[in-house]
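A.B. asks:
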Amino acid sequence: MTGWDYAVNFLLYLQCLLTVRFATGNTCSTNLTTCSVATTTGRIVGDCSNPTLYKYFSIPYAKPPIGDLRLEDPISFTQNSTVLIQGNELPSYCPQIGNSDESEDCLYLNIWSPSSLSISRPVLFWIHGGSNLLGSGSDPYFEGTKFASSQNVVIVTYNYRLGLLGYFDDNDNTNFAIKDTIMALKWVQDNISRFGGNKNLVTVFGNSSGGAIIRALMSSSKANGLFQRAIIQSDPDGYGFNERSFSNGYLTAKFLEMLGCDDKACVKTKSISDIVTAQLSVASTQINPLQYPKVNIASIIAPIIDGDLIIKDYWEYVNSGSLPSGVDTIVGFTKDEGGAAINTLLPSALTAESAINTAYYLLGVDRASYLLASNVFPFNTYTGDGRSILANISTDLLWRCPTQYISRRIVETKMRNIYLYQLNKGIQYSTNINYPLCTNAVCHQDDIPLTFGNYPSGTSTDLQSLSLSIQTAWAKFAKYGYPQTCGSISWPKALTTSNLNICQFGSNSLLASVTPNECQVFDSIKYPFQL
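Counting with mature numbering (1 follows the signal peptide of the UniProt record, and there is no 0), you get residues -25 to -1, 1 to 506 for the letters of the sequence shown.
#1: Kindly list the residues whose CB is nearer than 8 Å to the CB of residue 328, restricted to its own chain and excluding five residues on each side of it in sequence; keep chain order.
#2: Within a Cβ cutoff of 6 Å, which residues of the same chain sit near residue 135, ignoring the five residues on either side of it in sequence?
#3: For residue 502, which residues of its own chain have a beta-carbon under 6 Å away from its beta-carbon, when the five flanking residues on both sides are left out?
#4: Can you tell me whether DSSP reads residue 248 as helix, strand or coil?
#5: Cα separation between residue 506 and residue 492?
#6: Return the bridge partner residues of residue 182 from the DSSP annotation.
#7: Applying the criterion that 16 or more other CB atoms from any shown protein chain within 10 Å of the CB defines a buried residue, is residue -2 buried or exposed?
#8: Taking only the alpha-carbon atoms, compute the straight-line gap between residue 521 and residue 77 and give it to the nearest angstrom.
#9: Would DSSP call residue 466 helix, strand or coil?
#10: Report all residues from its chain with a CB closer than 6 Å to the CB of residue 273; omit the five preceding and five following residues, and keep chain order.
#11: Do residue 177 and residue 98 have their beta-carbon atoms positioned less than 8 Å apart in this structure?
#12: If we call anything under 8 Å between Cβ atoms a contact, is residue 44 one with residue 140?
#13: Using a threshold of 8 Å, state whether the C-beta atoms of residue 104 and residue 182 are closer than that.
#14: Can you look up residue 32 in the DSSP assignment and give me helix, strand or coil?
#15: Which residues does DSSP pair with residue 478 in a beta bridge?
#16: Indicate whether residue 226 and residue 276 have their beta-carbon atoms separated by less than 8 Å.
#17: Return the chain-ordered ranges of every alpha helix (DSSP H) run that is complete within the segment 122 to 202 and spans a minimum of 4 residues.
#18: What's the C-alpha gap between residue 487 and residue 246?
#19: Considering just the uninterrupted stretch of the alpha helix (DSSP H) at residue 449, what are its terminal residues?
#20: Are residue 278 and residue 159 touching if we call contact CB-CB under 8 Å?
#21: Between residue 287 and residue 194, how many whole angstroms is the CB-CB distance? I'm expecting something under 8 Å.
#22: What three-state label does DSSP hand residue 77 in the structure shown?
#23: May I ask which residues mark the beginning and end of the alpha helix (DSSP H) holding residue 386?
#24: The alpha helix (DSSP H) spanning residue 293 covers which residue range?
#25: Helix, strand or coil for residue 323 per DSSP?
#26: Tell me the rounded alpha-carbon separation between residue 116 and residue 348.
#27: Examine the Cβ distances between the segment 326 to 340 and the segment 384 to 400 and report whether three or more of them are shorter than 8 Å.
#28: In angstroms with no decimal places, state the Cα-to-Cα distance between residue 36 and residue 188.
#29: Assign residue 350 to one of two classes, buried (16 or more other C-beta atoms within 10 Å of its C-beta) or exposed (fewer than that).
#30: Taking 8 Å as the limit between beta carbons, can you name the residues of its chain near residue 494, skipping five residues before and five after?
#31: Name the DSSP beta bridge partners of residue 426, please?
#32: Can you tell me whether residue 340 is buried or exposed? The criterion is at least 16 other CB atoms within 10 Å of its CB, across all chains shown.
#33: Using the three-state DSSP reduction, which class does residue 255 fall into: helix, strand or coil?
#34: Which of helix, strand or coil does DSSP assign to residue 499?
#35: On the premise that residue 27 lies in contact with residue 88, defined as a C-beta separation below 8 Å, what is that separation, rounded to the nearest angstrom?
#36: Rounded to whole angstroms, how far is the Cβ of residue 85 from the Cβ of residue 32, which I believe are closer than 8 Å?
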């Protein structure tokens, strides 16, 4: 132990005496060496009150993107290893609407690690969703204690810039959210071994727009070698990345207009409140889906094909048989993905006739006519809420069918191993509770409580077992490169284009494909990324 280690331990001991013993009557141990970890960021002091699991929060991986660094590439945060950083509290969220605990100084990551830091464990690096407008690695849903403890893995969460702060595009520089992610992954490569993690066993996993960020990482050579595997949960991969004609010509132009600015220099002078209000207004603008058929109307801010970080769309790389940073992947969706989005976009019930008109509006005359003529959806005989049909259409068009379509191409090219799943049971995510279309359904994000094991008290034994099954499969995939089991049965990779071996989580079975008749129709009318 160095002189510095002794000094740190003494300071920690004094801190413990002041904050614990005198407050509670508890005693303090002087054996606190493992609470202090030297990193390229500085010496991080974690929460080691749990003898089996240590937590290190609010670790800066980049300089605060404020002042002149707003709307610029992230700059690595480095300090002398003798600088003491308290890592006992989670960082603030990046600026977003509806959250009081937010700050533009938000580029931090958090680590949960079993207490024996000398053991080299798989690392699971979580990329949160939220339509690129909301969310944080500090969200209580992503608290990593249960996952890390049950599977003996290291869990990492982090924050990245959101909205136009993350995707401002002046036709010169953009994709700051993706660049933040790459910098956080570089920090993991440089430091995770000191927290008991294996830098050669890093698996990125993410939900929704977090899954789209994973596709962006795999589409960029600048992320090569930073992770070895990927798990993409509920990414609406029917959509590709935004093109500059939209990100610059529409999104950024609208953003500048609402701020009363002409350029980036002006945006740097605006208050964060004005920026958050402006970017929410831009993101809430209803665009014409026929004018911008490639753009996700429910989440119009997205990774950008900028010709530098991302040169081509993910699908173009897959179709050609070569991803710049391709890795073996698990990819899947929930049974009723589209319910939440349709409930948000269409808050009132529809007749079947109104649902047909909506289909024409969203798909255009030719594609909608083909869909209706196929009779795979019961428009003409349905007497209930027409939104239910639209929810099924969106589930197939944006999640279930394109995931299978893309996976078949990956199998054809023998590019990488891929494992598919559908989640047939879930625990309602907080934002879905009041959605009628998500009642007795498994909607978008209903996989999150199961993934991290942070479910409500009173959750059934069946769902608790399902949560453990998912965590076990993810951890085995991170460690060995294959998930081994789908519940209680073996889970092989997708073998052929006619047998994708889709794990049915919640029913312990495998299917060669799901909704094949519906998917055949959507394969014919094409997905947004092909338009």
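For every residue, glycine included, the Cβ atom is placed at its ideal position computed from N, Cα and C.
C.D. replies: A quick look at the data gives this:
#1: Start at 1 with the first residue of the sequence shown, and residue 328 comes out as number 353. Cβ neighbours of residue 328 beyond the five flanking positions: 361.
#2: As a position in the sequence shown, residue 135 is number 160, starting the count at 1. Within the same chain, Cβ atoms closer than 6 Å to the Cβ of residue 135 are found at 152, 155, 156, the five residues on either side in sequence being excluded.
#3: For the purposes of this step, residue 502 is taken as residue 527 along the sequence shown, with counting starting at 1. Around residue 502: 213, 377.
#4: In the sequence shown, the residue the question calls residue 248 occupies position 273. If DSSP states are grouped into helix, strand and coil, residue 248 belongs with the helices.
#5: The sequence position of residue 506 within the sequence shown is 531, counting from 1. The sequence position of residue 492 within the sequence shown is 517, counting from 1. Cα-Cα distance, rounded: 21 Å.
#6: What you label residue 182 is simply residue 207 of the sequence shown in a count that begins at 1. Its beta-bridge partners are 208.
#7: Looking up residue -2 in the sequence shown gives position 24. At residue -2 the pLDDT is 31, less than 50, meaning the model places this residue with poor confidence; the figure from the coordinates comes in the next sentence. Per the 10 Å Cβ criterion, exposed.
#8: The question about residue 521 has no answer, for the chain in this structure spans -25 to 506.
#9: In the sequence shown, the residue the question calls residue 466 occupies position 491. Reduced to three states, the DSSP call for residue 466 is coil.
#10: Your numbering for residue 273 matches position 298 in the sequence shown. Result list for residue 273: 316, in chain order.
#11: In the sequence shown, residue 98 corresponds to position 123, counting from 1. In the sequence shown, residue 177 corresponds to position 202, counting from 1. Cβ atoms of residue 98 and residue 177: closer than 8 Å.
#12: As a position in the sequence shown, residue 44 is number 69, starting the count at 1. As a position in the sequence shown, residue 140 is number 165, starting the count at 1. Against a cut-off of 8 Å, the Cβ pair of residue 140 and residue 44 comes out as no contact.
#13: Your numbering for residue 104 matches position 129 in the sequence shown. Your numbering for residue 182 matches position 207 in the sequence shown. In contact: residue 104 and residue 182 (Cβ atoms closer than 8 Å).
#14: Translated into positions along the sequence shown, residue 32 becomes position 57. DSSP places residue 32 in strand when its eight states are reduced to three.
#15: Taking the sequence shown and counting its residues from 1, one reaches residue 478 at position 503. By DSSP's assignment, residue 478 forms a beta bridge with 396, 485.
#16: Along the sequence shown, read from residue 1 onward, the residue named residue 226 stands at position 251. Along the sequence shown, read from residue 1 onward, the residue named residue 276 stands at position 301. The beta carbons of residue 226 and residue 276 sit closer together than 8 Å.
#17: Segments of the alpha helix (DSSP H) lying fully in the segment 122 to 202: 138 to 142, 151 to 166, 184 to 193.
#18: Start at 1 with the first residue of the sequence shown, and residue 487 comes out as number 512. Start at 1 with the first residue of the sequence shown, and residue 246 comes out as number 271. Residue 487 and residue 246 have their C-alpha atoms roughly 53 Å apart.
#19: Position 474 of the sequence shown holds residue 449. It spans 436 to 455 - the alpha helix (DSSP H) in which residue 449 sits, taken as one unbroken run.
#20: One-based indexing of the sequence shown puts residue 278 at position 303. One-based indexing of the sequence shown puts residue 159 at position 184. One thing to note: residue 278 has its Cβ no nearer than 8 Å to the Cβ of residue 159.
#21: On the sequence shown, position 312 is the one that residue 287 refers to. On the sequence shown, position 219 is the one that residue 194 refers to. Right, their Cβ atoms sit about 7 Å apart.
#22: Counted from its first residue, the sequence shown places residue 77 at position 102. DSSP places residue 77 in strand when its eight states are reduced to three.
#23: Sequence index remark: in the sequence shown, residue 386 carries index 411 (1-based). Its alpha helix (DSSP H) spans residues 376 to 388.
#24: Working through the sequence shown from its first residue, we reach residue 293 at position 318. For residue 293, the enclosing alpha helix (DSSP H) starts and ends at 289 to 295.
#25: As a position in the sequence shown, residue 323 is number 348, starting the count at 1. Here residue 323 sits in coil by DSSP.
#26: As a position in the sequence shown, residue 116 is number 141, starting the count at 1. As a position in the sequence shown, residue 348 is number 373, starting the count at 1. The C-alpha of residue 116 lies about 43 Å from the C-alpha of residue 348.
#27: The segment 384 to 400 and the segment 326 to 340 do not touch, with fewer than three beta-carbon pairs separated by less than 8 Å.
#28: Within the sequence shown, residue 36 is the residue found at index 61, counting from 1. Within the sequence shown, residue 188 is the residue found at index 213, counting from 1. For the pair residue 36 and residue 188, the Cα-to-Cα distance works out to about 18 Å.
#29: Locating residue 350 in the sequence shown gives position 375, counting from the first residue. So residue 350 counts as exposed.
#30: In the sequence shown, the residue the question calls residue 494 occupies position 519. The beta carbon of residue 494 sits closer than 8 Å to the beta carbons of 371, 375, 376, 379, 380, 488 from its chain, once the five residues preceding and following it are set aside; these are given in chain order.
#31: By one-based count along the sequence shown, residue 426 stands at place 451. Residue pairing by DSSP places residue 426 in no beta bridge whatsoever.
#32: One-based indexing of the sequence shown puts residue 340 at position 365. Per the 10 Å Cβ criterion, exposed.
#33: As a working mapping, residue 255 is identified with position 280 in the sequence shown. Collapsing the DSSP output to three states places residue 255 in a helix.
#34: Within the sequence shown, numbered from 1, the residue matching residue 499 stands at position 524. Of the three classes helix, strand and coil, the one that applies to residue 499 here is helix, per DSSP.
#35: Position 113 of the sequence shown, counted from the first residue, corresponds to residue 88. Position 52 of the sequence shown, counted from the first residue, corresponds to residue 27. Not a contact, Cβ separation roughly 10 Å.
#36: What you label residue 85 is simply residue 110 of the sequence shown in a count that begins at 1. What you label residue 32 is simply residue 57 of the sequence shown in a count that begins at 1. Yes, residue 85 and residue 32 are in contact; Cβ-Cβ is about 5 Å, under 8 Å.
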